[in-house]
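Numbered per our numbering, the sequence shown finishes at 351, counting up by one with no gaps.
Take a look at the structure set out below.
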Amino acid sequence: MTARMEGRVNALRTRAWASVLWMVVAGCGRETTSTEQREGLAQALESRGRIVALDVDYEARGTEMLQPSAAVREALEGESGEALRNALAEIDARGVVVSTGLASEGGLVARLARGEHVQTMRGALLHPDAMLYLNSLHGSLGRDAELAGPIARRLLEGAPRPPLSSFPASYRREGSVEVMVLLRDRGRRRLWRSARGSSVASALITAASFARQRWREREQALGGPLEERLADLDVEVSLLEEDGTLASVAEPFIERLFDDVHGVAYESSNAWRYLLPEATLTKGEGSAVEAYRQLFREDGRPEDGFDSVRLYRLVVTPLGADRGGADGLRGADAVDGAALGTSAGSDE
């Protein structure tokens, strides 16, 4: 059995074990949660605007806890994240906080209570008492998301840095965001870079600039100048979205909150680091805790330094791709007249 297959088997074993443990945690979490963690949840709920609360009784400054409307209840009983997002929009709610005691219910409410990834939503805080989810950024981009690939290609071609005002309004919306630009050659990942910014537009510009710079530094190993290779390369753009800060560093808690779509990530006072989901699975051999230890070791940190950084989950949400070769759109043609941190990345 290959290491990759073994990793997937171990992942399945881990989740099977964790699902049993979950029933214990969900049943006793409120009694065993520390005062510090409860205060942390109350603080995390502050200044959130309008939030639907399910079996959660907290008062938080700047947050209005709402009872679910009939449409929200119906969506939570179903499986569609899009339906939930639309129902929340009807009552001008930014998200939902769900008691972990509802983990044995059905539908989306159970998935949220267990801390699972739900499309159109992103985890904000994953707590032994409750899970806080907010609307994801991807859903707010709509069809504009398709522009990301051609815009990135235009930037990689060497277009001058465009003014932010030339981007669609959805790309200019203020909010912390991380964008990844990835180059593929006939399906093989050759290079990627990511960057944080205060909007999708600013992060996309920075990530594409770093990718272009990195290719130029390694052009001999990558098959020649980017100007000569780019037409045949696929350009893919994704959001690297946070899917929940972990409120506890207990290993069983960490293990049960990661599955195949999640990468491990952490942030310290001066840096942030992560493994993409596939790397998390292979390096951790199915264990999120071991993946974190591998990441800590690579960064020269103590391998058990979980409580010295902010731990969070990472999901990769594709925005758009511009294919190379005969099937590709040239960036200048696709976005004619449109515009087109510190980065992290890897070379394959």
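Quick reminder that beta carbons are idealized off the backbone N, C-alpha and C, glycines included.
Helix, strand or coil, according to DSSP, for residue i in the structure here?
i: Asn273; result: coil
i: Asp60; result: coil
i: Cys31; result: Model confidence at Cys31 stands at a pLDDT of 38, short of 50, so the residue's coordinates are unreliable and nothing is read from them.
i: Pro321; result: strand
i: Gly43; result: helix
i: Arg193; result: strand
i: Ala74; result: helix
i: Ser290; result: coil
i: Ser83; result: coil
i: Arg164; result: coil
i: Met8; result: Low per-residue confidence applies at Met8: pLDDT is 40, beneath 50, and the placement is therefore not dependable enough to give any value.
i: Asp307; result: coil
i: Leu420; result: Here the chain comprises residues numbered 4 to 351, so residue 420 is not present and cannot be evaluated.
i: Leu48; result: coil
i: Ala97; result: For the sequence presented, residue 97 should be read as Arg rather than Ala. In the structure shown, Arg97 sits in coil (DSSP, three-state: anything other than H, G, I, E or B).
i: Arg176; result: coil
i: Gly328; result: helix
i: Leu24; result: Low per-residue confidence applies at Leu24: pLDDT is 36, beneath 50, and the placement is therefore not dependable enough to give any value.
i: Glu108; result: coil
i: Phe170; result: coil
i: Thr283; result: helix
Alpha carbon to alpha carbon, how far is residue i from residue j?
i: Ser212; j: Leu260; result: 34 angstroms
i: Gly30; j: Arg192; result: Because the pLDDT at Gly30 is just 36, under 50, the model does not fix this residue reliably, and the point stays unresolved.
i: Asp302; j: Ile257; result: 20 angstroms
i: Asp307; j: Pro255; result: 14 angstroms
i: Arg296; j: Asp60; result: 36 angstroms
i: Arg217; j: Ala162; result: 16 angstroms
i: His120; j: Asp237; result: 28 angstroms
i: Arg215; j: Leu229; result: 8 angstroms
i: Ser169; j: Ala204; result: 10 angstroms
i: Asn138; j: Val55; result: 12 angstroms
i: Val27; j: Gly109; result: Any reading at Val27 must be qualified, since the residue scores a pLDDT of 34, below 50, and its modelled position is unreliable; no value is offered.
i: Asp246; j: Met134; result: 11 angstroms
i: Gly104; j: Asp132; result: 8 angstroms
i: Ala96; j: Gly126; result: 15 angstroms
i: Ala115; j: Gly227; result: For the record, residue 115 in the displayed sequence is Leu; it is not Ala. Each residue's Cα considered, the two are about 47 angstroms apart.
i: Gly289; j: Leu279; result: 13 angstroms
i: Val99; j: Pro71; result: 9 angstroms
i: Gly190; j: Arg232; result: 14 angstroms
i: Ser272; j: Ala73; result: 43 angstroms
i: Leu91; j: Pro305; result: 42 angstroms
i: Glu34; j: Glu42; result: With a pLDDT of 38 at Glu34, under the threshold of 50, the predicted position of this residue should be treated as unreliable, and no value is reported.
i: Ser251; j: Arg316; result: 13 angstroms
i: Pro321; j: Glu160; result: 21 angstroms
i: Glu85; j: Leu298; result: 34 angstroms
i: Arg219; j: Ser143; result: 34 angstroms
i: Arg76; j: Ser107; result: 16 angstroms
i: Ala198; j: Val240; result: 12 angstroms
i: Ala78; j: Val101; result: 14 angstroms
i: Leu185; j: Ala45; result: 38 angstroms
i: Arg326; j: Phe309; result: 40 angstroms
i: Leu128; j: Glu80; result: 22 angstroms
i: Ala47; j: Arg53; result: 14 angstroms
Residues bridged to residue i by DSSP?
i: Val312; result: Bridge partners of Val312: none, in fact.
i: Leu69; result: Val55
i: Glu181; result: Arg199
i: Ser102; result: Ala133
Give me the Cβ distance between residue i and residue j, rounded to the nearest whole Å; I'm assuming they're in contact under 8 angstroms.
i: Asp188; j: Gly328; result: About 10 angstroms separates the two Cβ atoms, so there is no contact after all.
i: Val182; j: Glu244; result: About 10 angstroms separates the two Cβ atoms, so there is no contact after all.
i: Asp263; j: Leu249; result: Not quite, the Cβ-Cβ distance comes to about 18 angstroms (not below 8 angstroms), so this is no contact.
i: Gly65; j: Arg88; result: Their Cβ separation, rounded to whole angstroms, is 22 angstroms, which puts Gly65 and Arg88 out of contact at 8 angstroms.
i: Ala294; j: Leu207; result: Actually they do not touch by this definition, with Cβ atoms about 28 angstroms apart.
i: Ser179; j: Ser201; result: 7 angstroms
i: Leu111; j: Glu82; result: 6 angstroms
i: Leu314; j: Tyr269; result: 5 angstroms
i: Arg156; j: Leu167; result: Wrong, their Cβ atoms sit about 19 angstroms apart, outside the cutoff.
i: Ala291; j: Val312; result: About 14 angstroms; that fails the 8 angstroms criterion.
i: Leu242; j: Leu158; result: That belief does not hold up - the Cβ atoms of Leu242 and Leu158 are roughly 17 angstroms apart, past 8 angstroms.
Which full runs of the alpha helix (DSSP H) of 4+ residues lie inside the segment 111-156, going along the chain? Qualifying alpha helix (DSSP H) stretches, in chain order: 140-144.
Whole beta strand (DSSP E) elements within the segment 198-279, 3-residue minimum: Whole beta strand (DSSP E) segments, 3+ residues: 237-249, 265-270 and 275-277.
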